[in-house]
Amino acid sequence: MRAQRCLSQPLIHAGLDASLGNNINGPSLIRVPDWLPNPLGRYYLYFAHHQGQHIRLAYADDLMGPWTIHAPGVLPVANSSCFDHVASPDVHVDHAARKIRMYFHGVAFAAGQTDGHETQFGEAARWIGNQRSKLAISDDGLHFSAQPQVLGASYFRVFEWQGRRHALAMPGAFYRIDEHGDFELGPVPFEPSFRHCAVRVDGLLLHVYFTRVGDTPERILHTTVDLRPHWTTWRHGDVTTMLRPELAWEGAAMPDTPSRRGPVFELVQQLRDPAVFVDGGKEYLLYAAGGEQAIGLARLQYSGR
């Protein structure tokens with residue numbers, strides 16, 4: 239498998255709209271379904287600010303652009319059932335229910351309070367803290383109703399396997415929905431440096447695209463998980479590099495130094511926040527570039543296909 243950049247410039251960058259400021263990350267792209275009322279465009283690209291007061295939205299009729307920023311965004315913090323900020327959208331089209339489902343995270347508890355879930359992750363507990371993933375649902379992709387239920391750790395990326403919803407979250411933890419509609423924590427087969435990820439089921443394999451804090455430079459990695467064993471025993475295979483910074487807006491000319499936890503507000507040599515999008519039988523990889531300064535797009539190509 240390889241990733242080939244679709245364009246020499248980013249899809250999303252600060253120059254598109256003054257509201258974007260100095261932090262752009264967390265892409266999640268959908269093709270707008272035919273049943274969605276009054277669509278702004280054929281494609282909706284949800285993304286975030288690391289400390290955002292709402293989830294951002296861009297729209298376009300062509301995947302390669304031009305993209306227009308919907309400046310009001312969606313899901314403001316005040317309507318999110320969270321405190322402080324909302325980020326990391328993972329958006330799914332539910333055709334059966336005619337709903338748009340957005341998993342996101344924010345500060346779920348007041349200062350100094352948590353549900354203790356973070357204590358199950360050892361050294362990763364300190365950066366998971368009181369942030370949790372939640373779900374918001376929409377009829378039109380613009381107005382979302384946030385559910386109060388806490389689902390799990392931050393950066394939920396949801397997939398279906400054998401008729402049940404599962405998720406992979408930071409720091410590389412699997413979850414599965416139980417008979418009560420709650421997500422139960424399963425194995426944590428990745429190392430604590432696991433940061434952001436994207437997932438896609440292909441036959442009996444789960445493809446995982448992810449990044450690691452401390453890599454020099456931070457870049458998009460790939461591995462697979464064999465889904466046939468019981469889910470509590472899932473383990474990942476060999477890890478390979480899919481994309482690393484090569485272009486100026488990806489930070490290629492910046493110092494090659496290990497990445498750190500948290501937001502970054504200037505251009506650095508890092509790729510973060512992978513997201514997978516499938517359209518017309520073609521598979522794409524979106525990513526945050528220059529640290530958190532832009533969103534790029536690459537085409538994923540499998541050998542033998």
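If you're matching positions, the sequence shown starts at 239 in this note's numbering and goes up one per residue.
All residues carry an ideal CB built from backbone N, CA and C; glycine is no exception.
query: Taking the beta strand (DSSP E) that Trp399 falls in, what are its first and last residues?
result: 395-399
- prompt: Are at least three pairs of beta-carbons, each pair with one atom in the region 420-428 and one in the region 489-508, less than 8 Å apart?
  reply: no
query: How many Å lie between Gly452 and Asn276 at the Cα?
result: 44 Å
query: What does DSSP give as the partner residues of Asp299 in its beta bridges?
result: Per DSSP, none; premise fails for Asp299.
- request: With distances taken Cα to Cα, identify the nearest neighbour of Leu459 among Leu481, Trp472, Asp272.
  value: Leu481
From His343, Ser376, Pro327, Ala316, residue whose alpha carbon lies closest to that of His333: Ser376
field: Range of the contiguous alpha helix (DSSP H) that encloses Ile366
entry: Membership of Ile366 in the alpha helix (DSSP H) is indicated by the continuous run 363-366.
task: Could you round the C-beta distance between Lys372 and Ala391 to whole angstroms and report it? I think they count as a contact, below 8 Å.
output: Between Ala391 and Lys372 the Cβ distance is about 12 Å, and since that is not below 8 Å, they are no contact.
query: Does DSSP classify Val429 as helix, strand or coil?
result: Note that residue 429 is Glu in the sequence shown, not Val. Looking at Glu429 - three-state DSSP - the assignment turns out to be coil, as it is neither helix nor strand.
Where Asn276 falls: helix, strand or coil (DSSP): coil
task: Would you kindly work out how many angstroms separate the C-alpha atoms of Gln369 and Gly379, rounded to a whole number?
output: Distance between the alpha carbons of Gln369 and Gly379: 24 Å.
task: Report all residues from its chain with a CB closer than 7 Å to the CB of Val345; omit the five preceding and five following residues, and keep chain order.
output: Cys320, Phe321, Asp322, His323, Asn368, Gln369
Glu417 in three-state terms, based on DSSP: coil
message: So if DSSP puts Phe448 in a beta bridge, which residue, or which two residues, is it bridged to?
response: Cys435, Leu459
- prompt: How big is the Cα-Cα spacing for Arg403 and Ser257?
  reply: 35 Å
- prompt: Looking only at its own chain, which residues have a Cβ that is under 7 Å from the Cβ of Asp511, when we skip the five neighbours before and after it?
  reply: Asn263, Gly264, Pro265, His434, Tyr525, Ala526
message: Which of the three DSSP states is assigned to Thr352 in this structure?
response: coil
- request: Verify whether the separation of the beta carbon atoms of Trp399 and Leu465 is less than 9 Å.
  value: yes
message: For a test of the three-state rule: what should DSSP assign to Leu254, helix, strand or coil?
response: helix
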